[in-house]
Structure formats: C-alpha cells, structure tokens
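In the working numbering, the protein residues as written are 737 to 920.
Don't be surprised by glycine CBs; every beta carbon is placed ideally from N, CA and C.
Given the structure is predicted, the values throughout are model-derived calculations rather than measurements.
Below is one structure, written out as structure tokens; the observations come after it.
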C-alpha cells in the first residue's frame, strides 16, 4: 500500500539523487529545469501556483520509505481536465509495480476529489516501461508530438495519453483499483 504525501523541502535531496543525468532531468521535468537539478530550482517548482495542483511523494505505508514522486496539475476546472506530470520512481524499486500503484492513486484523487472528467499526460515515445505502466492504469495513446523536445543533437517525440472518467469508473467496477491513500 502507498500513501501520497505533500512533497516538501525535506524531500529535495532524495529527488536530486534520483535525477542524476541531463537526459533523466528532461524526461522528468521537461524543459523548465536545467542540469544539475538543485534546491533553488525545486524551490521555484514548489512556488508555482495553480488551483488544485498537487505535488506528492509516494510513500510505502508499511516501511515509510519514499518510492516515488508525482504531480497532478494544470487543472482546468471549467472543462474538468488535469495533467499528470513529473513522475519519478525510485531507481531501487523500478519494475516492481510501484509506478502503477502511484499512478492509480493520483488518478483516483483526480477523479474522486477534484471531480475531473479527463486526465492526460505526455511521455517520451522511447520510455516503453512508463507507457506500459500508463496503459495498465487505463490511459490510451491519442497522438504523437513528433520531435518536439531537443536533447543535444537529437529530437525526442512525445505521446499524448489520456484517461476519461467513464473509462476509469468501468475499470474500477471491474476491480482494477489498488489500495492507496492520500494525506492532505
């Protein structure tokens, strides 16, 4: 079981350790951050104001160990849309299902607490493990933003993926949820 808790200054060091290369920083944070990630950038990150925006660390309930980071933001309350961004799983637990658990909880929060109709995300087309994780949660690919991010001499493409509330409700009725909680 996991708990999503507010990401605070006390969590900076761990996230900085996880984001240990320029390529990983672009994958996690997009073009707003520069390598190396540092406390000043994370202070700025936490100061961004947006209604309903949630920045969490994901904590394994039994051990109290932080296993990930996730943000739900860009909340458009009129159209009831939100965006999952900045997903990072601790390197020592990758491939063990934690990403799926974290995603399911962020999605549950978006649909139940924020009453969203649509949750979307963007993921680089070469990040096959993340794409599989998002598809397990119910996200569908909608379109490819071709060569929209530059890294050195390369251009990277991003998939836009989304999950709609009726799809999530159907999955929930079929038992596709895992037990997690959010600390407020």
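With 16 other CB atoms within 10 Å as the buried threshold, where does residue i fall?
i: residue 793; result: buried
i: residue 870; result: buried
i: residue 757; result: exposed
i: residue 837; result: buried
i: residue 738; result: buried
i: residue 845; result: buried
i: residue 841; result: buried
i: residue 915; result: In this predicted model, residue 915 has a pLDDT of only 44, less than 50, meaning its place in the structure is not dependable enough to derive any value.
i: residue 761; result: buried
i: residue 911; result: exposed
i: residue 860; result: buried
i: residue 740; result: buried
Between the Cα of residue i and the Cα atoms of the options, which residue gives the shortest distance?
i: residue 743; options: 831, 790, 820; result: 790
i: residue 921; options: 816, 896, 902; result: Summary: the structure shown does not reach residue 921, with the chain confined to residues 737 through 920, and so no result is reported for it.
i: residue 898; options: 910, 865, 861, 853; result: 853
i: residue 816; options: 889, 823, 834, 848; result: 848
i: residue 825; options: 866, 861, 858; result: 866
i: residue 839; options: 812, 873, 892, 860; result: 873
i: residue 753; options: 806, 741, 772; result: 772
i: residue 921; options: 747, 770, 903, 829; result: This structure does not reach residue 921, given that the chain is present from 737 up to 920, and the question cannot be answered.
i: residue 746; options: 906, 759, 775; result: 775
i: residue 814; options: 830, 788, 876; result: 788
i: residue 864; options: 830, 891, 889, 890; result: 830
i: residue 905; options: 875, 812, 891; result: 875
In the DSSP output, which residue or residues are listed as bridge partners for residue i?
i: residue 876; result: 898
i: residue 854; result: 817, 900
i: residue 822; result: Answer is none; residue 822 lacks a bridge partner.
i: residue 804; result: 794, 825
i: residue 809; result: 819
i: residue 891; result: 886
i: residue 859; result: 895
Given a cut-off of 9 Å, decide if residue j and residue i are closer than it, judged by their beta-carbon atoms.
i: residue 783; j: residue 810; result: no
i: residue 855; j: residue 808; result: yes
i: residue 767; j: residue 901; result: no
i: residue 763; j: residue 802; result: no
i: residue 795; j: residue 806; result: no
i: residue 818; j: residue 778; result: no
i: residue 835; j: residue 804; result: yes
i: residue 857; j: residue 821; result: yes
i: residue 941; j: residue 765; result: This structure cannot speak to residue 941, because the chain is shown only from 737 to 920.
i: residue 887; j: residue 798; result: no
Does chain C have any CB closer than 9 Å to the CB of residue i?
i: residue 795; result: Protein chains in the displayed structure number just one, and chain C is not present.
Q) At what residue ranges does the segment 743 to 799 contain a whole run of the alpha helix (DSSP H), taking only runs of 4 or more? A) 748 to 754, 758 to 765, 775 to 783
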